[in-house]
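First up is the structure itself, then whatever we jot down about it.
In the working numbering, the protein residues as written are 452 to 1081.
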């Protein structure tokens, strides 16, 4: 059986072995002929093709592509090995004089491959372009598009392209071959008509692959802007639709030391009406990015880094960010965000963000929108700042949150900016074993008009809080509650203690004040006309309840009849505490809690002066009593 199979294979292979040598000989002959023709053309080309003919052809090609008039001042150089190539120097591209003589740009050197066969037939066709130090000037019009209003082939293709069933369609008479384009050490100046700003792109290096106008494009561009190198990687199967400002499939990446971003999906450079895709962005150093861009946000130094990843799509009159992952410093959140835009109304950002752990300080800094330094004159001139042109309504939640040295848990909060005012509310949170709510409001003029803070704490452990804050001196250690209402006429980030006015109400249940021994206080008062508080610090003053009210103004707090009632004695204080010097000017008294024991624990009035935490106490003689013995 095996022998039969081998015989069949021999019958099939036999005929092949007879014609294979003949095919090899024929192929070799054709290859030699082709090689001879190739060499002959390269040798004869310098005698058959004139430099002026190729130069005239590339001038016509540049004029045809741009719609401008190309002028070549330098002497061209022709090369025929390994491929036919022409190099031109000192090229200027401008409008014809009868059309305004507008300058599009200049090119120090331009090289391009050309077809030798076409040249021998009296035609010119070029590909593989290499531009050295081009200097181009473009205009971005009111619609956000590059102004292509000249009669070149590229402009006509952009105007004539259409979309059919999601595909880019271009009439054959508008189509053309391009090939590869490389740019070396170029300069690009873009003038934005709408904003009246001019953008300079220096040291431009580009590598563009665009086989045909009707085909896909891929480009890598590196440029320096304001001293920072940026790399843009752009690819699209519908480049003409993209350049026309219509919806097109694109993939774009931006890479620099300050910002990394990537988008893939459907977009338009003119509007956001049909945006759909995925976007990622990362900012490793937010303050450095703002400095580079010439912007300023007060207090932003605490916001070191930020990043986001999201699905993005147009929704009605705005954008929706679904499956959003947002990071600010070490805090990460997930949620949904919306950007609403309606004619005649301010844009609005809304949504919800859920954090596992967050730091409220940099998050508030991220929303502290304000005009850059040096633009204050524009406010007085009636030019609206960010808070007058942008509304915000964002809901926040966090399992754990930190605000400076304060720690919160199970936080529910919101940030609202509307009507030129900004409000930050903590509607619910757990704080030191109790509950806390807060309301921070910044008024008109982009936070410059001042603000107010309302804080309410219930049944919190103030002993733990004093330890966390490392507060020194005899302070009440107890579980208590606090209401605080403060306001300032100055900008929040410039407000000092002397600028704050407001009220405080603090009350507690049972607790102690370490560093105050009531018995020692009476003994020292009986023996000395004045003494430091530390002389009566051998024990602790136990109390059943504490009630304190204070007013804040002009850098000081005025205490109104603070009552600290203990089991046997009651301590009463009133007077002034200054912030900048920790100075005290208080009048106080110590008397029996039970009036029936007034004879045993007579009223002891005194004055407290000096500075915290070790002021000086001076007993005050009662009217009709003799002074203490010296």
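Glycine included, each C-beta is placed from N, C-alpha and C at the ideal position. Here the structure is a predicted model, which is why all the values come from computation and not from measurement.
Contact check, residue i vs residue j, beta carbons under 7 Å
i	j	result
residue 612	residue 621	yes
residue 582	residue 634	yes
residue 682	residue 701	no
residue 737	residue 721	no
residue 555	residue 639	no
residue 851	residue 921	no
residue 546	residue 519	yes
residue 966	residue 925	yes
residue 959	residue 984	no
residue 932	residue 908	yes
residue 928	residue 911	no
residue 641	residue 591	yes
residue 767	residue 787	no
residue 619	residue 584	no
Opening and closing residue of the alpha helix (DSSP H) in which residue i lies
i	result
residue 975	969-978
residue 607	604-611
residue 985	Careful: residue 985 lies outside any alpha helix (DSSP H) and carries neither H nor E.
residue 915	913-919
residue 692	690-694
residue 744	737-744
For residue j and residue i, the rounded distance between their alpha carbons
i	j	result
residue 695	residue 605	11 Å
residue 826	residue 745	Its pLDDT being 34, under 50, residue 826 is placed unreliably by the model, and the measurement read from it follows with that caveat. Cα to Cα, the separation comes out at about 11 Å.
residue 1019	residue 1045	7 Å
residue 1072	residue 1048	20 Å
residue 740	residue 865	27 Å
residue 999	residue 849	32 Å
residue 693	residue 810	41 Å
residue 955	residue 780	34 Å
residue 676	residue 610	30 Å
residue 778	residue 870	28 Å
residue 719	residue 517	23 Å
residue 1064	residue 923	7 Å
residue 862	residue 902	22 Å
residue 699	residue 680	27 Å
residue 1040	residue 1009	17 Å
residue 875	residue 891	5 Å
residue 521	residue 603	12 Å
residue 949	residue 1005	5 Å
residue 886	residue 939	26 Å
residue 1066	residue 755	42 Å
residue 661	residue 674	20 Å
residue 496	residue 537	With a pLDDT of 43 at residue 496, under the threshold of 50, the modelled position of this residue cannot be trusted; read the value that follows with caution. Distance between the alpha carbons of residue 496 and residue 537 is about 13 Å.
residue 715	residue 936	49 Å
residue 629	residue 523	21 Å
residue 729	residue 764	8 Å
residue 589	residue 623	28 Å
Beta-ladder partner(s) of residue i, from DSSP
i	result
residue 890	876, 905
residue 799	791, 842
residue 589	641
residue 650	641
residue 1002	954, 1009
residue 1070	1057
residue 679	676
residue 1031	Residue 1031 is not bridged to any residue.
residue 730	714, 761
Limits of the beta strand (DSSP E) - the one that residue i falls within
i	result
residue 929	928-939
residue 522	520-523
residue 965	952-965
residue 1056	1055-1062
residue 1012	1007-1016
residue 764	757-766
residue 444	Past the boundaries of the shown model lies residue 444; the chain is included only from 452 to 1081, so the question cannot be answered.
residue 861	857-869
residue 536	536-545
residue 774	769-779
residue 558	554-565
residue 703	699-706
residue 981	No beta strand (DSSP E) holds residue 981; DSSP gives it neither H nor E.
Below-7 Å beta-carbon distance, residue i vs any chain C residue
i	result
residue 811	Chain labels in this structure do not include chain C; a single protein chain is all it has.
Whole-Å CB distance - residue i paired with residue j, under 8 Å assumed
i	j	result
residue 916	residue 883	5 Å
residue 1070	residue 971	Actually they do not touch by this definition, with Cβ atoms about 13 Å apart.
residue 1021	residue 1014	6 Å
residue 593	residue 644	6 Å
residue 1068	residue 981	7 Å
residue 771	residue 842	Actually they do not touch by this definition, with Cβ atoms about 16 Å apart.
residue 759	residue 776	7 Å
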